[in-house]
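To start, the structure itself, in structure tokens.
In the numbering used here, the protein residues as written are 9 to 161.
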């Protein structure tokens, strides 16, 4: 690996966490008042994944299975998540986000996009073009559809 790639990787390590902190702050500030931050994280996780098991969700949020089970039950009662039988023996249950859950996320995403646009609005057209190109490049190389297929060391 050449030094240019290493320098770029080091810059990503420095910048991406700060960017994610800003995005998370704005997204969470637009969740429903009755929704906890972990519940909101589960909705976003299910939206990205399509479906997941209780164990997947528990691992993603970093909570125990009993806590996740209670969290999912609350989301099911609010019609944000539904449970689907996931295997022929029906022991595995798949969790899926509902249209209502997606709508809650969409409202937060739109509000967050407006706030981010105001932050980058002072960039020149050329800078905006380069930023968009960089984001699309990162998306192609880093953001797989199935995050579980990537193992980190």
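Idealized CB from N, CA, C, for every residue including glycine.
Fair warning: this is a prediction, and the values are worked out from it, not measured in the lab.
Opposite residue i in the DSSP bridges: which residues?
i	result
residue 92	102
So is residue i buried or exposed if we call it buried at 16+ other beta carbons inside 10 Å?
i	result
residue 27	exposed
residue 81	exposed
residue 134	exposed
residue 107	exposed
residue 91	exposed
residue 14	exposed
Would the beta-carbon of residue i fall within 7 Å of that of residue j?
i	j	result
residue 62	residue 79	no
residue 52	residue 103	no
residue 38	residue 119	yes
residue 109	residue 88	yes
residue 45	residue 65	no
residue 47	residue 83	yes
residue 54	residue 105	yes
residue 164	residue 34	Nothing in the structure corresponds to residue 164, since the chain is present only between 9 and 161.
Meets three-Cβ-pair contact criterion under 8 Å: the segment 110 to 126 and the segment 135 to 142: no
Contiguous beta strand (DSSP E) assignments of at least 3 residues, all confined to the segment 18 to 96: Every beta strand (DSSP E) of 3 residues or more that sits fully in the segment 18 to 96 is shown, in chain order, as 89 to 93.
Runs of alpha helix (DSSP H) lying entirely within the segment 104 to 130, each at least 4 residues, in chain order: 107 to 128
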